[in-house]
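Okay, structure first, notes after.
Number of protein chains: 2
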Amino acid sequence: MQGPVSRWRSTRPTLESVAREAAVSRQTVSNVLNAPHLVSEETRRRVEDVIARTGYRPVRAAQTLRTRRSYLIAVGLQTPAEDRGEVGHGFLHALTERAQARGYRTLVYTAGNDKSEISTYENLLSDYDLDGFVLTGTHTGDERTAWLSRHHIPFVTFGRPWGSAARHSWADVDGAAGIRAATDHLIGLGHHRVAFLGWPEGSGVGEDRRAGWEVACRAAALPTSGLAARMDNSFAAGRSACAELLQADDPPTAFVGVSDVIALGAWSELAARGLQPGPQAAVVGFDDSAAAALAGLSSVAQPLSEVASACLDCLQKLQEHADGPAGSPDEVLLEPRLILRSSA
Amino acid sequence: MQGPVSRWRSTRPTLESVAREAAVSRQTVSNVLNAPHLVSEETRRRVEDVIARTGYRPVRAAQTLRTRRSYLIAVGLQTPAEDRGEVGHGFLHALTERAQARGYRTLVYTAGNDKSEISTYENLLSDYDLDGFVLTGTHTGDERTAWLSRHHIPFVTFGRPWGSAARHSWADVDGAAGIRAATDHLIGLGHHRVAFLGWPEGSGVGEDRRAGWEVACRAAALPTSGLAARMDNSFAAGRSACAELLQADDPPTAFVGVSDVIALGAWSELAARGLQPGPQAAVVGFDDSAAAALAGLSSVAQPLSEVASACLDCLQKLQEHADGPAGSPDEVLLEPRLILRSSA
DNA sequence: AACGGTGCTTTGAACGTTCAAGATGGCTTA
DNA sequence: TAAGCCATCTTGAACGTTCAAAGCACCGTT
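As you go down the protein sequences, you meet chains A and B in turn. The working numbering puts the first residue of the first sequence at 13, with every later residue one more than the last. The working numbering puts the first residue of the second sequence at 13, with every later residue one more than the last.
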């Protein structure tokens, strides 16, 4: 226990004080921490003792000032409305946790559109010497990635650069494979007409997932025509799309949702019609959101921790070769896994 | 446009370079920024011109090293599972946005329990010279607030220190008032039996909200007995509790939920029974989550931006009087507002 | 005996800012 | 006219670290 005044503000050990106490020089203490191979066994131990005893920790601000590295990575916060699937928050959590384990910290910022986000970059970069950015919600013609590339700022995106020719590191989840696994599962349960509830055209992620469903159906020689619907990402849309599909002459018995919200909407419609999970009704969603877990909806879970680790790997690699040759960007595609609950 | 090498790494204006160009000294430039009243009108303008032209911005690391202030505030991230109501994420967003507007940045961290969170404090404080902490999810016997107080670290909590004698600054939302407004609204619609779907005993927040319902009913001379239920915070629990209350001889016609999830559960039960919103069925939730908005559930919205601003006010006040007398902590209670949708 | 190398250690400077103190010059006041 | 004051501006030091260079002792070669 320290005195009444916080130890953080008053006397705290410095390189100098540790050095004095261990009867060595500043630099030797620094070497013990940053380049132990340069220090003799004996001195090293002596210095380490003092460090342990005094609880010395280097001051980040001084290190940053000297080295231009902050051990800080920046992540944009999606607006609560955008983050319907909670993936954003889940990813932020995972990223922060993994980053912490590597000695990095996470700085968050908010931004309305690409333009204002870019000006936020400028501010963040001038103020703190960020080690890199992790972007989410990349879209076609993303100005942010272009700007960051142009300025040689290390960054990774969670999500492939859909359609654009942008060359940068990314980590992503194989949505097609996830949806395919979900569809295969439903087919395995005996369903012969599996519908896909998707997003409106134009979303790379959406088309990818849809392709997974199509491939699975084709592979099982099952029909797809008349079984795909497009809608906004909402509960109500999922519900009414489901209702509509059920009107058909030969209605689907199983539904794969491009997202949990949509799948939950469909599932509520099925429940409203008294259709219990089983041969006549099954639903799988995507994202494994808290709502899905609560409602017992089977869902495709994104491996957020792995994505986070992959992003950090990319950043560290970029960091190391900061001044070297550009090298080819890393591209990591991870397999999601199907979480089975009562809905399928 | 800068050269091929990022401007952030190569030559960037410093106090020194600006000073040279404006033909003044370092300190004068510093004064222009930090104490303009010490500088003559003419010099000030000249220096400001150079600053604008060169795009000079002070390096945070150097400032921090000198002043021990980082303009960084730390916020703990709730685990995605805890953040069911999405309040956590919404608050983080609001806080980050307000902080940004004041020139502060938000650092996030994750922590499992109080103990590990405290050790995270130690790490964060040694590494970065944080300006303060914003805590959420305070509970009775919170070790975190005790530790922070003991070490004289500036901090605020979003949430009152329920039951504990802890003396620290906080900002909170008047849940009782919010629920009371919701109940009053339902009564105004003509409902005579308004039920309350609450959390299990022992939660300060939960009891506070419940009290709001009770007061409203009493004030309108309406019954409360047999109309309150306690349950876990889940959709399913809300639904079955609703079903159970509807079995009564004289069943409620309106429901106030302590949270959106619970309220949504109740609403789905009503829908399943074919009860349309109106004289025989009405529901209001709490938190104004995205799910509520999507489902058309009326809900009590927490003024997250105002809470965030209040938290920042508290922190800045603590910061200013850091070495002065402790002073009495700020306590800010904000009114939530009722968002009306189709459910009531 | 001089030389080059290697393992370990120290020294001075630098990063970019702010603080504390001092310098300058004009104006007021005794 | 000297003293004091104020407004304005400058200087040197300090914050705590790392970098670049050098020093020293010891070794094996020549």
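Glycine residues also receive a C-beta, built at the ideal position from the N, C-alpha and C atoms. Keep in mind the model is a prediction, meaning the values are calculated, not measured.
Alpha-carbon to alpha-carbon, L309 of chain B and A240 of chain A
Each residue's Cα considered, the two are about 29 Å apart.
Return the chain-ordered list of same chain residues with a C-beta closer than 6 Å to the C-beta of L160 of chain A, the five sequence neighbours on each side being excluded.
The residues are F167.
Going by beta-carbon coordinates alone, are P348 of chain A and V296 of chain A separated by less than 9 Å?
Not closer than 9 Å, so no.
Residue ranges of each beta strand (DSSP E) within the segment 276-309 of chain B, 3 or longer
If we require 3 residues or more, the beta strand (DSSP E) runs fully inside the segment 276-309 of chain B come out as 294-298.
Would you report the Cα separation of D184 of chain A and G200 of chain A, rounded to the nearest angstrom?
D184 of chain A and G200 of chain A have their C-alpha atoms spaced approximately 27 Å apart.
Assuming G210 of chain A is part of the alpha helix (DSSP H), what are its boundary residues?
Membership of G210 of chain A in any alpha helix (DSSP H) is not indicated; the residue belongs instead to the beta strand (DSSP E) covering 206-210.
Does any residue of chain A bring its CB to less than 9 Å from the CB of F247 of chain B?
Contact with chain A is found for F247 of chain B, since one of that chain's Cβ atoms lies less than 9 Å from the residue's Cβ.
CB contact below 9 Å: H204 of chain A versus chain B
No, no contact with chain B.
Counting only beta-carbon atoms, is R69 of chain A nearer than 9 Å to chain B?
Yes, because at least one Cβ of chain B sits closer than 9 Å to the Cβ of R69 of chain A.
Pairing CB atoms from the segment 173-187 of chain B with CB atoms from the segment 213-227 of chain B, are three or more of them under 8 Å?
By the Cβ criterion, the segment 173-187 of chain B is in contact with the segment 213-227 of chain B, since at least three pairs of Cβ atoms, one from each stretch, lie closer than 8 Å.
I165 of chain B (DSSP reduced to helix, strand or coil)
I165 of chain B sits in coil when the DSSP states are folded into three classes, being neither helix nor strand.
Spell out whether any CB of chain A is found under 9 Å from the CB atom of D126 of chain B.
The Cβ of D126 of chain B sits no closer than 9 Å to any Cβ of chain A.
Anyone know if the C-beta pair for T132 of chain A and Q112 of chain B falls short of 9 Å?
Judged by their CB atoms, T132 of chain A and Q112 of chain B are nearer to each other than the 9 Å cut-off.
Given a limit of 7 Å on CB to CB distance, which residues of the segment 298-311 of chain B reach chain A?
Of all residues in the segment 298-311 of chain B, A302, A303, L306, A307 have a Cβ within less than 7 Å of some Cβ in chain A.
By the three-class DSSP mapping on this structure, what secondary structure does T55 of chain B have?
T55 of chain B: helix per DSSP, three-state reduction.
Using CA coordinates, which residue listed in A:P315, A:A275, A:R117 is at the minimum distance from L142 of chain B?
Nearest of A:P315, A:A275, A:R117 to L142 of chain B, Cα basis: A:R117.
Give, in chain order, every unbroken run of the beta strand (DSSP E) that is at least 3 residues long and sits entirely within the segment 130-190 of chain A.
Counting only runs of 3 or more residues that sit fully inside the segment 130-190 of chain A, the beta strand (DSSP E) segments are 144-148, 167-170, 182-185, in chain order.
Identify the residues that DSSP records as bridge partners of G67 of chain A: which are they?
Secondary-structure assignment with DSSP links G67 of chain A through no beta bridge to anything.
Near L345 of chain A, which residues of its chain fall below 6 Å by C-beta distance, leaving aside the five closest residues on each side in sequence?
Cβ neighbours of L345 of chain A beyond the five flanking positions: D184, D186.
Counting pairs of Cβ atoms below 8 Å between the segment 279-292 of chain B and the segment 101-115 of chain B, do you hit three or more?
Too few Cβ pairs lie closer than 8 Å, so no.
Please list the partners that V146 of chain A has in chain B, where partner means a Cβ-to-Cβ separation under 8 Å.
The CB of V146 of chain A never comes closer than 8 Å to any CB in chain B; the least such distance is about 13 Å.
Starting from A284 of chain B, find everything on chain A with Cβ-Cβ shorter than 8 Å and list it in chain order.
Neighbours of A284 of chain B in chain A, taken as residues at a C-beta separation under 8 Å, are given in chain order as A283, A284.
V268 of chain B - containing beta strand (DSSP E), residue span
Counted as a single uninterrupted DSSP element, the beta strand (DSSP E) harbouring V268 of chain B occupies residues 266-269.
D141 of chain A CB to nearest chain B CB: under 9 Å?
Interface residue (Cβ-Cβ distance to chain B less than 9 Å): D141 of chain A is classified as such.
Beta carbon of A73 of chain B nearer than 9 Å to that of Y121 of chain B:
Y121 of chain B is positioned such that its CB atom lies no closer than 9 Å to that of A73 of chain B.
Would you mind listing the alpha helix (DSSP H) stretches within the segment 70-125 of chain B that are 4+ residues and don't spill past its ends, in chain order?
Every alpha helix (DSSP H) of 4 residues or more that sits fully in the segment 70-125 of chain B is shown, in chain order, as 72-79, 99-113.
Excluding sequence positions up to five away, which residues of its chain have a Cβ less than 8 Å from the Cβ of L136 of chain B?
If we look at L136 of chain B and ignore the five residues flanking it on each side, its Cβ neighbours are A86, L119, Y121, L142.
I351 of chain A bridges to which residues according to DSSP?
According to DSSP, I351 of chain A bridges with A:S311.
Are N245 of chain B and V206 of chain B close, meaning C-beta to C-beta below 9 Å?
No, Cβ-Cβ distance for N245 of chain B and V206 of chain B is not below 9 Å.
R242 of chain B - DSSP class collapsed to helix/strand/coil
Residue state, collapsed to three classes: strand.
Please name the residue or residues paired with E343 of chain A in a DSSP beta bridge.
Beta-bridge partners of E343 of chain A (DSSP): A:W182.
For A189 of chain B, I'd like the list of residues in its chain whose CB is within less than 8 Å of its CB, leaving aside the five on either flank, ordered along the chain.
So the list reads G224, E347, P348, once near-sequence residues are dropped.
Span separating the alpha-carbon of D342 of chain A from that of D325 of chain B:
If I take the Cα positions, the gap works out to 43 Å.
List, in order along the chain, the chain A residues whose C-beta lies closer than 8 Å to that of G357 of chain B?
This structure does not reach residue 357 of chain B, given that chain B is present from 13 up to 356, and the question cannot be answered.
Whose C-beta lies closer than 7 Å to the C-beta of A194 of chain B among residues of the same chain, with five residues either side of it excluded?
Here the set comprises V268, V296, V312, L350.
Report the neighbours of A74 of chain B on chain A: residues whose CB is nearer than 7 Å to its CB, in chain order.
Per Cβ cutoff of 7 Å: L77.
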